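Each position in the sequence shown, counted from 1, maps to that position plus 42 in the numbering used here.
This report refers to the structure that appears directly beneath it.
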Amino acid sequence: MNLILRPKAMQVLMCLAVLGLVVYANAVFHPFVHDDVAFIRDNPNIARWDNITEVFFKPGIPLKSLRVTTPYYRPLLEVFYRFEYLLFGMNPAGYHFFNIALHIINSFLAYLVLLAWRMRRRWAFFLAVLFLVHPLQTEAVACIAGVSNLAVAFFILLSVVCYERARNQKARGLESLFFAGAILFFVAALFTKEQAVLLPLFLAFYEILRRRIVVFRDLWLLSFLGVAAGFLIWRAYLFPNFLSSAMSDPGELRLRLLSIPQTILMDWGLVVYPVGLHYYRTVNILDFKPVLFSLFIVISAGAGFLLLKMPQKHRVLGCLGLGWAFVMALTSLNIAPLIVEYSYVLSAEHFLYLPLLGALVFLLLLMRFVLKPAWKDLSPLVKVVVMGGIFLLLATATVRQNTYWRGEIPLFERALGYEPQLGRVQALLSKAYTLDGRYDEALVSSARALRIMENYVKKTSFSRAKPAQSVYVHFVKAIHFDRAQIYVLKGDERHADDEFRAVLALRGEAVQEQESKIINSRSLSALGLSALRAGKSMEAKRYWQMSVVIDTTSADALSNLGALALERNDKRLAVLFFQRALKASSDFHPAVLGLRRIK
């Protein structure tokens, strides 16, 4: 009882640690899933430290499977991954445990932030627990790649704690030390995830609300703003076309902005009633709902009215909560083009990891204000039971939500239960079925993905939409290639060849030029093998030669040409092809075996 009503810092930390380990224990032994594979398991640089400085001067994270880089600039996150690899190697349990530990620490830092905002200890502790166990946090914690959200939150919360300590510090030396810490952690947050650039905006709002300064005369805030501006300039240098691409289509931008109220209502609905959580949550910007827009205005007006009716202390705290929730969610409110496909804009649950803290503050104060007479008359024991009941409901939902991250099949099946219109997710589920040996189900899912993407190609056939159309043509090409691979695994060579030819029949696209070349090259190489099995060695040779012309690093085609030359006893030419194959892929087994045969 004393822990809940009058918690001390160490007790709070220990309690959060126990609760966090219990609630997320069933996520520890999950494998690498989806983004984890790209950013960790297949990250070609994860074991390297000789090029560590390059991550701060080059944009993107390389994706080995496609030989491309992501559009992210998160150098400190890359350092995180490399440190984790040093500790855990390729054991996903270590990465999962790290995520859980970092989430527990963030919950404790949230508790310290709430104390800095002058919230009573017992309520700060209660909200820290809710922040820890709320099902919305599952996507950030149970997904290994969600460490980006955990790490940026860690640095932002530390920065806020240091900032507030500096503000309230009487000793000049300690004041400067805490402020230096606040700036240092802010810089670390910026290099971890772009969301951190919003922190100075919240701090300005915080100081105005506290009536401590005139914002643009405050050197501390100007320091934060200066650091943020410097980061944006540096990022603009690395990504010169990012802002122009976000604003390139005024019509689309208008639709994205109009969908913001719907996104906010959906997000706050999940905070209050976290049911139906799933990966790849989207909002259709073409499906504008005037009723929801009107409802957003009514609810906002009602919340504002109740806020004004609160006592001064609670009103300031409520405004802080709303300000935090809104500011920390700005980067994900459809302003940037976070389009999954066609008109569906990503509204992922991990976007709410940090905003959740402010939302919980506001909702708690709102409930206390509305239910104050009834709550006041309850005994301490009943209050503990009520709070414990809320915790148990949320914790149980979180434990269940963790189970969907046990593999890609349950993850994508659940997503499609809510988002069946997403061709991208249908294609991802098809790949997951293929890896699991469920080939017939994979073909069904890929057929659905193909229909959806071909429909997008038709819808974007007008001239102004050609860049978008090229994206969907590439998806169609990739789906045909995946279907061909499934037929190969099934031993259905005729249908496999049909799918490979369908790949080659689609024109190349500038937007995904490199990926398209790779897919075309692999398709030609596969058709060459099919021709060879049919006894058409000259036709096979032409296919492999075309494959190498398209992609000079095609180890498969080069090795096949080497084997063909070896069969004709042209050892010199065979060695040349095998060596080129090994240069493209140093451990390509068929080329290694070919060279051994010659020796």
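C-beta atoms are modelled at their ideal positions from N, C-alpha and C, and glycine is treated no differently.
Because the structure is a prediction, the values reported are computed rather than measured.
Which stretch, first to last residue, makes up the beta strand (DSSP E) that contains Val325?
Residues Thr324 to Asn326.
Could you tell me how far apart the beta carbons of Ala170 and Ile198 are, in whole angstroms, since I believe they sit closer than 8 Å?
At roughly 16 Å, the Cβ-Cβ gap does not stay under 8 Å, so Ala170 and Ile198 are not in contact.
What are the boundary residues of the beta strand (DSSP E) that Val317 is part of?
Counting along the chain, Val317 falls outside any beta strand (DSSP E), and DSSP gives it neither H nor E.
Measure the C-alpha to C-alpha separation of Leu128 and Trp91 and round it to an integer number of angstroms.
Going from the Cα of Leu128 to the Cα of Trp91 covers about 10 Å.
Could I get the ranges of all uninterrupted beta strand (DSSP E) runs contained in the stretch 321 to 380, with 3 residues as the minimum, in chain order?
Those beta strand (DSSP E) runs which fall completely within the stretch 321 to 380 and span 3+ residues are 324 to 326.
Please state if the CB of Tyr460 and the CB of Ile528 are separated by a distance shorter than 8 Å.
Their beta carbons are not under 8 Å apart, which means Ile528 does not touch Tyr460 by this criterion.
Straight-line CA distance for Ala158 to Thr438?
Cα to Cα, the separation comes out at about 30 Å.
Excluding the five sequence neighbours on either side, which residues of its own chain have a C-beta within less than 8 Å of the C-beta of Thr476, listed in chain order?
So the qualifying residues of the chain are Ala484, Asp524, Gln527, Ile528 and Leu531.
When burial is assigned at 16 or more other CB atoms within 10 Å of the CB, is Glu96 buried or exposed?
Counting Cβ neighbours within 10 Å, Glu96 comes out exposed, since fewer than 16 surround it.
From the DSSP output, read off the bridge partner residues of Leu423.
Its beta-bridge partners do not exist; DSSP assigns none.
Pro177: buried (16+ other C-beta within 10 angstroms of its C-beta) or exposed?
Buried, by the Cβ-count rule.
Are the stretch 194 to 208 and the stretch 336 to 346 in contact at 8 Å, needing three or more beta carbon pairs?
In short, these stretches do not touch, since the Cβ pair count stays below three.
What did DSSP end up calling Val202 once you bin it into helix, strand or coil?
In this structure, Val202 counts as helix in the three-state DSSP scheme.
Evaluate the contact criterion for the stretch 357 to 377 versus the stretch 214 to 231: three or more CB pairs, one atom per stretch, below 8 Å.
Short answer: they don't touch.
Rank Ala182, Trp276, Arg252 and Arg83 by C-alpha distance to the C-alpha of Tyr115 and give the top, closest one.
The shortest C-alpha separation from Tyr115 is found at Trp276.
State yes or no: is the C-beta of Phe504 nearer than 7 Å to some heavy atom of the ligand MN?
Looking for the ligand MN in the displayed structure turns up nothing, as the structure carries no ligands at all.
Decide if Ile186 is buried, meaning its Cβ has at least 16 other Cβ atoms within 10 Å, or exposed.
So Ile186 ends up on the buried side.
Tell me the rounded alpha-carbon separation between Leu372 and Gly400.
Approximately 13 Å, taken between the alpha carbons.
Quick one: grab the DSSP three-state call for Ala59.
If DSSP states are grouped into helix, strand and coil, Ala59 belongs with the helices.
For Phe139, which option in Val64, Trp165, Ala166 and Leu156 has the closest C-alpha, if you only look at C-alpha atoms?
It is Val64.
Between the Cα of Gly479 and those of Gly431, Phe368, Ala491 and Ile451, spot the shortest distance and give me the residue it belongs to.
Answer by Cα proximity: Ile451.
Give a yes or no on whether the C-beta atoms belonging to Gln463 and Ile432 are separated by under 8 Å.
No, the Cβ-Cβ distance between Gln463 and Ile432 is not below 8 Å.
Would you please state the rounded distance, in angstroms, between the beta carbons of Ala390 and Arg323? I believe it to be under 8 Å.
Rounded, the Cβ-Cβ distance is 6 Å, consistent with contact.
Helix, strand or coil: which one does DSSP assign to Tyr386?
In this structure, Tyr386 counts as strand in the three-state DSSP scheme.
Can you tell me whether Leu118 is helix, strand or coil according to DSSP?
Residue state, collapsed to three classes: helix.
Could you check whether the stretch 68 to 75 touches the stretch 160 to 168, counting it as contact only if at least three pairs of C-beta atoms, one from each stretch, sit closer than 8 Å?
Contact fails: fewer than three Cβ-Cβ distances are below 8 Å.
Quick one: grab the DSSP three-state call for Phe516.
Here residue 516 turns out to be His, not Phe, going by the sequence shown. Correct three-state label for His516: helix.
So, using beta-carbon positions, are Leu263 and Pro242 closer together than 8 Å?
Yes; because the gap between Cβ atoms is below 8 Å, this pair is in contact.
Out of Leu245, Phe233, Gln304 and Ile250, point me to the one whose CA is closest to Gly272's CA.
Minimum Cα distance to Gly272 is reached at Phe233.
In or out: Arg564 buried (at least 16 other Cβ within 10 Å) or exposed?
Arg564 comes out buried.
From Phe454 to Val387, what does the alpha carbon distance come to, in whole angstroms?
Cα-Cα distance, rounded: 17 Å.
Going by other Cβ atoms of all chains shown within 10 Å of its Cβ, with 16 needed for buried, is Ala576 buried or exposed?
Label assigned to Ala576: exposed.
Taking Cβ positions, are Tyr279 and Ala457 nearer each other than 8 Å?
No, the Cβ-Cβ distance between Tyr279 and Ala457 is not below 8 Å.
CB-CB under 7 Å to Ala224, same chain, minus the five flanking residues each way: which ones, in chain order?
Correct list, in chain order: Ser201, Cys204, Tyr205 and Ala208.
Grab the span of the alpha helix (DSSP H) containing Tyr66 for me, first residue to last.
First-last for Tyr66: undefined, no H or E at that position.
Ordered along the chain, which non-local residues of its own chain (more than five positions away) have a Cβ less than 8 Å from that of Val591?
Contacts found: none.
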